[in-house]
Amino acid sequence: MLLRTLPFSSLKPAPYNPRKPLRPGSPGYKRLAKSLAAFDLVQPIVWNARTGHVVAGHQRLSLLKDRGDVEVECVVVDLPLAKEKALNIALNNAAVGSDWDNAKLHELLGELIDLPDFDATMTGFDERELEELVLAPATEMPAVESAPQDAAVRVTLLVAQDQWDDARRALDEMLLRHDIELHVTLPR
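Residue numbering for the sequence shown follows our numbering, beginning at 1162 and increasing consecutively.
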């Protein structure tokens, strides 16, 4: 693996990059900024020497620019454009890899949350998500803006407990694609 420190002027954003850019102030932007502040850049930008395109790391690069950095360490590849595009998709594809082991994630997050003077949100999960993931009761319920009754469709699903992990993954994917509200009641 070839690593080089490159000036931002050498790094051209890939014009085909299918990821939506993060907007300053958005929740995703704040999470990534918090992660970079806590850990710095531990996953280098991937840059193609043949085209000058950033293959992976567009969001991180944007935040680094915003915080005033002028150069960054990059993993350098030398690929034809078609392979570069395929690598861009593979490196940004959430379906590449495996799902969480929910029991281990629950245990690990619980450990981190219980540490004194430790900010578990640096994991990339916000307070609400952490509470949901460790099944901790919310300290206060957020106000929910709901659609007018005549404009909302309510759907009720009853899922067997042994099928919940699969159903949850499917619901999580749906929530990522659509602007919808989901209320879940777990058995006691």
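The beta carbon of each residue, even a glycine, is placed where N, CA and C say it ideally should be. These figures come from a predicted structure and were not determined experimentally.
Spatial distance of Ala1313 from Phe1286 (CA atoms): Going by the C-alpha atoms only, they are around 28 Å apart.
Buried/exposed call for Ala1281, threshold 16 Cβ in 10 Å: Result: buried.
Candidates Phe1200, Leu1202, Trp1208 and Gly1189: closest to Ser1170 by CA position: Trp1208
Entirely enclosed alpha helix (DSSP H) segments - the stretch 1204-1246, minimum 4 residues: 1219-1227
Beta-carbon proximity check, His1219 vs Lys1173, cutoff 8 Å: no
Beta-carbon gap between Met1283 and Ser1196 smaller than 8 Å: Yes, these two residues count as a Cβ contact at 8 Å.
One or two residues paired with Arg1165 in a DSSP bridge: Cys1235
Straight-line gap, Met1302 to Leu1332 (C-alpha atoms, nearest Å): Confidence is the limiting factor: at Met1302 the pLDDT is only 46, short of 50, which leaves the residue's position unreliable and the question unanswerable from this model.
Assumed close pair Leu1193, Glu1234 - CB separation to whole angstroms, cut-off 8 Å: No, Leu1193 and Glu1234 are not in contact; Cβ-Cβ is about 17 Å, not under 8 Å.
Close-in-space but distant-in-sequence residues of the same chain around Gly1271 (CB under 6 Å, 5 per side omitted): Val1295
Tyr1190 versus Ala1199: straight-line alpha-carbon distance, rounded: 14 Å
Residue environment, Leu1183, which counts as buried when at least 16 other CB atoms sit within 10 Å: By the neighbour-count rule (16 or more Cβ atoms within 10 Å), Leu1183 is buried.
Lys1173 - DSSP class collapsed to helix/strand/coil: strand
Cα-Cα separation between Leu1347 and Asp1260, rounded to whole angstroms: One C-alpha to the other measures close to 21 Å.
Lys1246 versus Val1257, Pro1176, Asp1340 and Val1320, residue with shortest Cα-Cα distance: Ranking the options by Cα distance to Lys1246, first place goes to Pro1176.
DSSP-derived helix/strand/coil call for Pro1348: coil
Rounded separation between Asn1359 and Arg1330 - CA only: Residue 1359 lies beyond the stretch modelled for the chain, which goes from 1162 to 1349, so this question has no answer here.
The alpha helix (DSSP H) enclosing Asn1254, as first and last residue numbers: Segment: none, Asn1254 is in no alpha helix (DSSP H) and carries neither H nor E.
DSSP state of Asp1340 mapped onto helix, strand, coil: If DSSP states are grouped into helix, strand and coil, Asp1340 belongs with coil.
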